[in-house]
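These protein sequences, in sequence, are chains A and Y. Okay, so the first sequence: first residue is 2 according to this note's numbering, each after it adds one. Okay, so the second sequence: first residue is 115 according to this note's numbering, each after it adds one. The block underneath contains the structure these notes are about, expressed in structure tokens.
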Amino acid sequence: MEAMSFGTFIWTTLGAFLTLCIFSFLYRDNVFYKIAEHLVVGVSAGYFVIILWHNGLQPNLFDMLKDGNSYFLWLNSAQPWYVIPAILGAMMWTRFSKKWSWVSRWPIALYMGIATGVAVPLEMKNRVNLQLYASMQSLDWGNFFGTGFLDAASGLSGLIVFLGTLAALFYFFFSKEHTGMFKGAARFGIWILMIGFGASFGYTVMGRISLFVQRIQYIGDWTKVTWNPSSGGGFITFWFLTFGIFAVWAIYEIIKFFRNRGEITE
Amino acid sequence: MNIFDRMMSLDRRWVFLLLAVVCVVTYVWPFSIPIRTTDEVENIFDFIDTLKEGDYIFLGIDYDPNALAELHPMTYAIAEHAFRKKLKIIFATLSQNGPGMADQAIRDITDSVKLDRTYNGVFYPGRTIVNGVDYVFLGYKPYFALVILGMGQNFRIPFPTDYYGTPLDSIPMMKGILNYDQIKCVVDITAGNVADAWISYGQGRYNFPLALGLTGVMGADYYPFLNSRQIFGLMGGLLGAAQYEKLSDNPGPAMDGMRIQVYAHIVIIFFIIIGNIGFLASRKKRMGKEVK
Numbered sequence: 002m003e004a005m006s007f008g009t010f011i012w013t014t015l016g017a018f019l020t021l022c023i024f025s026f027l028y029r030d031n032v033f034y035k036i037a038e039h040l041v042v043g044v045s046a047g048y049f050v051i052i053l054w055h056n057g058l059q060p061n062l063f064d065m066l067k068d069g070n071s072y073f074l075w076l077n078s079a080q081p082w083y084v085i086p087a088i089l090g091a092m093m094w095t096r097f098s099k100k101w102s103w104v105s106r107w108p109i110a111l112y113m114g115i116a117t118g119v120a121v122p123l124e125m126k127n128r129v130n131l132q133l134y135a136s137m138q139s140l141d142w143g144n145f146f147g148t149g150f151l152d153a154a155s156g157l158s159g160l161i162v163f164l165g166t167l168a169a170l171f172y173f174f175f176s177k178e179h180t181g182m183f184k185g186a187a188r189f190g191i192w193i194l195m196i197g198f199g200a201s202f203g204y205t206v207m208g209r210i211s212l213f214v215q216r217i218q219y220i221g222d223w224t225k226v227t228w229n230p231s232s233g234g235g236f237i238t239f240w241f242l243t244f245g246i247f248a249v250w251a252i253y254e255i256i257k258f259f260r261n262r263g264e265i266t267e
Numbered sequence: 115m116n117i118f119d120r121m122m123s124l125d126r127r128w129v130f131l132l133l134a135v136v137c138v139v140t141y142v143w144p145f146s147i148p149i150r151t152t153d154e155v156e157n158i159f160d161f162i163d164t165l166k167e168g169d170y171i172f173l174g175i176d177y178d179p180n181a182l183a184e185l186h187p188m189t190y191a192i193a194e195h196a197f198r199k200k201l202k203i204i205f206a207t208l209s210q211n212g213p214g215m216a217d218q219a220i221r222d223i224t225d226s227v228k229l230d231r232t233y234n235g236v237f238y239p240g241r242t243i244v245n246g247v248d249y250v251f252l253g254y255k256p257y258f259a260l261v262i263l264g265m266g267q268n269f270r271i272p273f274p275t276d277y278y279g280t281p282l283d284s285i286p287m288m289k290g291i292l293n294y295d296q297i298k299c300v301v302d303i304t305a306g307n308v309a310d311a312w313i314s315y316g317q318g319r320y321n322f323p324l325a326l327g328l329t330g331v332m333g334a335d336y337y338p339f340l341n342s343r344q345i346f347g348l349m350g351g352l353l354g355a356a357q358y359e360k361l362s363d364n365p366g367p368a369m370d371g372m373r374i375q376v377y378a379h380i381v382i383i384f385f386i387i388i389g390n391i392g393f394l395a396s397r398k399k400r401m402g403k404e405v406k
């Protein structure tokens, strides 16, 4: 990002400004955050509508129905049966009428039927059966300790997966009181669950920090452009303008904080 | 108010401020940290590295710009690695806000491949990557599960044209390429439940080698699919991307970001510890009062 056109620079500056607007929420809700938030929602919705039109409705429906006659699109079309999904789609809009909303149940029922028919066998095979097989593989005694620390392919790892799955299921088995051996298994199960949640939490923290790191890298690169004399001395004005707005806001908040504190003390 | 009560009532904005200061300082201060690679990332690298010139791979850029911080480095690293190995890539995006971002990413990567580079001791002269010859970008279609199933029959069912409107039949690279049978693997980089659809409706239905690049939030949930061999590799979050960058000897934003991550994590762990100490101490004090 060392050299760029003025147009690109303006958009990059806007990106840096909006990033700071969003981060300002960490202090408290404010007008900068609201502007950025509404902009994101509006741009995303507008962009998606256009994408859906050009990638879904136009090629998959209107292009199929067009016959050169703009008044009766489908009458002489080579594929007039595409009018059926069009009618089903239009039926969904009856949701907005109390009297006619029942009509929308027909396309929903059709869609649910198809989706369920496609999903059930594949989901059953891939998310239930194969996962069950993987949890109950025969132990690899020849490679029990594996090649490294907690080697995923080792017999020990397989044993932990098997016992862990069983114990976690015990924890959720409420038809028998958790006493004796059951209590021990359930306790082991909760430990396994906690380790799983801990791993997810750790990954989540890493994910959130990654988002922040990327924004720092972005603002850092933008700062390099603004301060780079070869990229145009005028760019530095934007640096001052962008940070200046937040500096003024920060000073205002600090003054307000001390004033309020003074009032409370009095 | 003793120190433990102060710990418990610490304004969360101090945590944010300290975290921001640490991240900015570590960003400005240049240093590197060692990255340890894991089997699940090595599997993806090795698979792509051992493919022959002219082999096809499918790269799904199935994420929105809000996940690009974690996933863009993966896309860049894998695509550049594949282009340097002279593989052909079929790109597609099944994420609604992804097409423009994916198109920009592909342009950036093809620009990068124009430069001479040496990776892992092997010299790769720069070359021009041509749309339609070295790669094809299919673009976006809604309802990802149906698109994945449709591509299993013929790429032309969900994508009669590519992103730029060229019919697939008139694209040189797509001659003789009908469905997943002609490609060596699918690498899906995603931030949502498209990964589930690739597992169930893609790999589960058509049985091709599948690898996943996921956000950190999703990472832990998909390890069971490695164990069941439904996927052959997995990259989780920025760490996964950094590992791939290290393996391909192509340091990028992920490796740069990991050094900031390390210190950010230290700050978070520090606050978790003092938060717990504060909680336990104040609970002990409270229980002591109740006994009295």
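Built from N, CA and C at the ideal position, the CB exists for glycine as well.
If you check each beta-carbon in the segment 208-221 of chain A against every beta-carbon of chain Y, the ones closer than 7 Å belong to Gly208, Ile210, Ser211, Leu212, Phe213, Val214, Gln215, Ile217, Gln218 and Gly221.
Shortest Cα-Cα distance from Y:Ile162 to any of Y:Leu324, Y:Leu394 and Y:Phe393 involves Y:Leu324.
In the structure shown, the three-state DSSP call for Y:Phe237 is strand.
Distance between A:Asn61 and A:Tyr34, taken at the CA atoms: about 39 Å. Excluding its 5 nearest sequence neighbours in each direction, A:Phe189 has C-beta neighbours in its own chain below 6 Å: Ala168, listed in chain order.
Membership of A:Tyr172 in the alpha helix (DSSP H) is indicated by the continuous run Gly156 to Tyr172. Residues of the same chain with a CB within less than 8 Å of the CB of Y:Val155, apart from the 5 flanking positions on each side, are Gly347, Leu348, Met349, Gly354, Gln357, Tyr358 and Leu361 in chain order. Taking all protein chains shown into account, Y:Ala378 has 16 or more neighbouring C-beta atoms within 10 Å of its C-beta and is therefore buried. Under DSSP, the beta-bridge partners assigned to Y:Gly350 are Y:Leu328. CA-CA distance, A:Ala116 to Y:Gln296, rounds to 27 Å.
Where Y:Leu173 is concerned, there is no enclosing alpha helix (DSSP H), although the beta strand (DSSP E) around it starts and stops at Tyr170 to Asp176.
Look at A:Asn144: its C-beta is not under 8 Å from any C-beta on chain Y.
Contact annotation: Y:Ala219 and Y:His195 have beta-carbon atoms that are not nearer than 8 Å. By the rule that beta-carbons nearer than 8 Å mark a contact, Y:Gln357 does not touch chain A. Along the segment 282-311 of chain Y, the positions whose C-beta sits under 9 Å from a C-beta of chain A are Asp310, read in chain order. Collapsing the DSSP output to three states places Y:Tyr254 in a strand. For A:Lys257, the nearest beta carbon of chain Y is not closer than 8 Å to its own beta carbon. Interface flag for A:Lys126 against chain Y is set, since a Cβ pair is found closer than 8 Å.
Residue burial annotation: A:Phe174 is exposed, with fewer than 16 other C-beta atoms found within 10 angstroms of its C-beta.
Using a CB distance below 8 Å, the part of the segment 353-377 of chain Y facing chain A consists of Leu353, Pro367, Asp370, Gly371, Ile374 and Gln375, ordered along the chain. Collapsing the DSSP output to three states places A:Tyr28 in coil.
Among the residues facing chain Y, A:Ser201 is included, as its CB has a counterpart in that chain under 8 Å away. Residue ranges of uninterrupted beta strand (DSSP E) with 3 or more members, entirely inside the segment 275-319 of chain Y and ordered along the chain, are 299-304. Its Cα nearest to that of Y:Gly318, the residue Y:Ser342 stands out among Y:Ser284, Y:Arg400 and Y:Ser342. Straight-line spacing of the CA atoms in Y:Tyr141 and A:Gln218 works out to 7 Å. In the structure shown, Y:Arg270 falls within a coil segment according to DSSP collapsed to helix, strand and coil. When DSSP states are grouped into helix, strand and coil, A:Phe198 belongs to the helix group. Within chain Y, the residues whose beta carbon sits less than 9 Å from that of A:Phe49 are Gln210 and Asn211, listed in sequence order. Listed along chain Y are Pro213, Gly253, Tyr254, Lys255 and Pro256, each with a C-beta nearer than 8 Å to that of A:Asn56. In this chain, the beta strand (DSSP E) harbouring Y:Phe205 covers Lys202 to Thr207. Contact between the segment 118-135 of chain Y and the segment 386-403 of chain Y is present: three or more C-beta pairs spanning the two stretches fall below 8 Å. In the displayed model, A:Arg209 falls within a helix according to three-state DSSP. Residues of chain Y with a Cβ closer than 8 Å to the Cβ of A:Ala135 are, in chain order, Pro338, Asn341, Ser342 and Arg343.
If you compare the alpha carbons of A:Ile196, A:Leu194, A:Ile193 and A:Phe171 with that of A:Lys184, the shortest gap goes to A:Phe171.
A:Ile52 has a beta carbon lying within less than 8 Å of a beta carbon in chain Y. Between A:Gly47 and Y:Asp178, the alpha-carbon positions lie close to 14 Å from each other.
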